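Numbering (this note's numbering), first residue to last: 751 to 923. Note that the Cβ used here is the ideal one computed from N, Cα and C, for glycine as well. Treat the numbers as computed from the prediction; the structure is a model and nothing was measured. Below is one structure, written out as structure tokens, with a few remarks after it.
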Amino acid sequence: MIRKATSDDIESIEDTYNEHFKHETEHGAFTVFKKGIYPTRKDAEKAIDHGTLYVYEENNGIAGSMIVDKVQPAEYTKINWAQTFANDEVMVLHLLMVRPSMAGKGIATSLLRYAMELAESSSCKALRLDTGSQNIPALSLYKKLGFQIAATASMNVGNAIEHSGHLFLEKVL
751 MIRKATSDDI
761 ESIEDTYNEH
771 FKHETEHGAF
781 TVFKKGIYPT
791 RKDAEKAIDH
801 GTLYVYEENN
811 GIAGSMIVDK
821 VQPAEYTKIN
831 WAQTFANDEV
841 MVLHLLMVRP
851 SMAGKGIATS
861 LLRYAMELAE
871 SSSCKALRLD
881 TGSQNIPALS
891 LYKKLGFQIA
901 ATASMNVGNA
911 IEHSGHLFLE
921 KVL
């Protein structure tokens with residue numbers, strides 16, 4: 751089940767982030783995320799306060815989460831998107847995280863489809879997101895679901911981690 755996160759979920763969401771960091775330390779990293787920098791508990795708490803954090807709940811536990819809103823990062827204004835839309839016509843997926851122990855069960859796909867439905871129900875014409883070019887699993891999923899790469903540029907991931915070679919993707923709805 752996918753639902754809006756509440757403050758009662760914060761421990762489990764933080765645990766998901768920590769499981770991600772541990773997994774990348776042990777098995778190699780696909781993301782540029784850094785423990786204690788981004789994503790953090792404070793990022794999740796802020797998103798919960800804004801009503802923009804959603805969780806995938808399974809067997810009374812959080813298996814994944816995402817932050818979705820209509821706030822495009824500053825870097826998005828420099829991207830030559832395939833189509834021009836007003837800010838209120840664009841939904842942005844900021845952070846998609848699936849607990850590594852739950853990988854391969856379609857959770858990320860379900861969260862992405864939910865984000866697309868959320869965008870459509872909010873009268874948006876596009877869903878945008880960004881990811882590192884090294885994040886092969888995420889990039890493969892995004893392309894499979896119809897996202898198109900609009901550009902490669904630098905990005906200040908989570909307003910905390912500078913990354914060049916970042917990919918900006920869009921799905922016109």
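Expressed to the nearest angstrom, what Euclidean distance is found between the alpha-carbon atoms of residue i and residue j?
i	j	result
Ser-757	Ala-779	29 Å
Glu-774	Val-805	21 Å
Asn-830	His-913	19 Å
Thr-859	Tyr-826	24 Å
His-844	Glu-776	25 Å
Gly-786	Ala-813	21 Å
Leaving out the 5 sequence neighbours to the left and right, which residues in its chain are closer than 7 Å to residue i when beta-carbon positions are compared?
i	result
Tyr-788	Val-907, Gly-908, Ala-910, Ile-911
Ser-872	Met-841
Asn-885	Phe-780, Thr-781
Going by beta carbon distance, what residues of the same chain come within less than 6 Å of residue i, once the five residues before and after it are set aside?
i	result
Ser-883	Gly-915, Leu-917
Met-751	Glu-807
Leu-919	Leu-879, Tyr-892, Phe-897, Ile-899
Tyr-864	Ile-752
Looking only at its chain, what residues have a beta carbon closer than 8 Å to the beta carbon of residue i, apart from the 5 residues adjacent to it on each side?
i	result
Ile-760	Arg-791, Ala-794, Glu-795, Ile-798
Going by the DSSP bridge assignment, what does residue i pair with across the sheet?
i	result
Lys-921	Leu-877
Is it true that the CB of residue j sits closer than 8 Å to the CB of residue i?
i	j	result
Leu-877	Lys-828	no
Ala-869	Leu-803	no
Should the region 836-850 be regarded as contacting the region 814-828, the criterion being three or more beta carbon pairs within less than 8 Å?
-> As far as the Cβ criterion goes, the region 836-850 touches the region 814-828, which means the pair count is three or higher.
Can we say the region 849-857 touches the region 890-904, given the rule of at least three CB pairs closer than 8 Å?
-> In short, these stretches do not touch, since the Cβ pair count stays below three.
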